[in-house]
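Numbering (the numbering used here), first residue to last: 18 to 389.
Think of the CB as a built atom: it goes at the ideal place given N, C-alpha and C, for glycine as much as any other residue.
Quick notes on the structure that follows.
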């Protein structure tokens, strides 16, 4: 096996990696296998490429202890590296227990503890890549005739989930273990822009009408609206450059679909939407409220709130949310059209769909058959 690679200050890892690391460390403690020591903390080697078992990374283990003869607990801490991620430094607990196995049952059982989300049917929000990591890292160590029960606990998960749109897409009461790779991919990186450009060119070879979706939640909303997957492009934070690229490559129209708390930046002329580039969302909301007829005092109240979600709830209480969001969707459409005209010298029809944290469409502009 190749030497495991330690975490790099230039590279972060996704939440499933730390959950698997904690579970593997707990299992080793249960089996009496000592962990490798690296400085102040033990470390555990995690296989992260199912098709390449020799590729491992070393994850620090903050604490590990046997709780009984058949149970153990280990704790790791999420480290996305230099990238923006709300799970930074959140503790990840894994409780494991060995029990005699009925031959008709699988040897590995994954459970959602506190802070790990569940689907509506009660199953843990652990997606395919994460499940595969658990299997390849834990299954070889499970003794014959036993089943390993793994319960992932995220003490801060329920609180952090309130800052996501998870509930809108069926993940309840916590965070999900999702992703398709071990490394955190910065959505504002130059590499992600080039990758999106290549994918855009490929899609335009077969389709001239595309939907630009912000994140996987935007993608799910698009699919629910009947937009074929082959016409959907995930754009991350590079909306402006990709709009220009689409126009230059001959697109006939672009449908922007995203969470209102993200896309409203476009209404203020912010076309690279990463939070470390620019924000101004509350200011954009306040200006839209004034344009719709709100008072200066109401606009001031919006500016004093901490989040877009709180501001939208305040507007709902006033009865202003619907007209303000509709005004913003029109403004986004106008700004996007002008942006493309300015930088590509082309006319590109743009449609806009905004949705809320519940995944419900709350405003649209440029949609055929709708008066804007």
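Assigned with DSSP and collapsed to three states, residue 234 falls in helix.
Every beta strand (DSSP E) stretch that sits fully inside the stretch 104–162 and reaches 3 residues is listed by chain position as 108–117 and 125–129. Collapsing the DSSP output to three states places residue 346 in a helix.
Residue 128 is positioned such that its CB atom lies no closer than 7 Å to that of residue 75. Taken through DSSP and simplified to helix, strand or coil, residue 72 comes out as coil.
Nearest to residue 279 by C-alpha distance, out of 374, 49, 383 and 34, is 374.
Apart from sequence neighbours up to five positions away, the residues of its chain that approach residue 153 with a beta-carbon distance below 6 Å are 64 and 67, ordered along the chain.
Going by DSSP, residue 288 is part of no beta strand (DSSP E) at all; its letter is neither H nor E. For a cut-off of 8 Å, the C-beta gap from residue 260 to residue 357 is around 5 Å, short enough to register as a contact. Residue 382 sits buried, since 16 or more C-beta atoms from the chains shown fall within 10 Å of its C-beta.
The stretch 32–42 makes contact with the stretch 88–97, as at least three CB pairs between them are under 8 Å. Restricting attention to 360, 344, 297 and 307, the CA atom closest to the CA of residue 325 is found in 297.
Rounded to the nearest whole angstrom, the CA to CA distance from residue 119 to residue 126 is 12 Å. DSSP places residue 354 in the helix class (H, G or I) of the three-state scheme. Annotated three-state conformation of residue 329 is helix, per DSSP. Our two residues, residue 161 and residue 47, have alpha carbons roughly 15 Å apart in a direct line. In the three-state scheme derived from DSSP, where H, G and I count as helix and E and B as strand, residue 363 is classed as coil.
The C-beta distance from residue 192 to residue 243 rounds to 29 Å, too long to fall under 8 Å, and the pair is not in contact.
Excluding residues up to 5 positions away in sequence, 337 lie with their Cβ nearer than 7 Å to the Cβ of residue 311 in the same chain.
Setting aside the 5 residues that flank it on each side, residue 103 is surrounded in the same chain by 177, 180 and 181, each with a C-beta closer than 8 Å to its C-beta; the list follows chain order. Membership of residue 265 in the alpha helix (DSSP H) is indicated by the continuous run 256–265. Contact annotation: residue 319 and residue 303 have beta-carbon atoms nearer than 7 Å. Between residue 213 and residue 272, the CB-CB gap reaches or exceeds 7 Å.
Judged by DSSP in its simplified three-state form, residue 278 adopts helix. Boundaries of the beta strand (DSSP E) harbouring residue 59: 58–64, taken from the DSSP string. Ranked by Cα distance from residue 328, the first of 340, 350, 339 and 299 is 299.
In this structure, residue 91 sits away from residue 57, with a CB-CB distance that is not shorter than 7 Å. For residue 121, the closest alpha carbon among the candidates 241, 164, 135 and 321 is that of 164. In the three-state reduction of the DSSP assignment, residue 53 falls in the strand class. Its chain contains 318, 319 and 322 as the residues whose beta carbon lies nearer than 8 Å to that of residue 331, once the 5 sequence neighbours on both sides are disregarded; these appear in chain order. Within its own chain, the residues whose Cβ lies closer than 6 Å to the Cβ of residue 60, once the five positions on either side in sequence are excluded, are 53, 75 and 77, listed in chain order.
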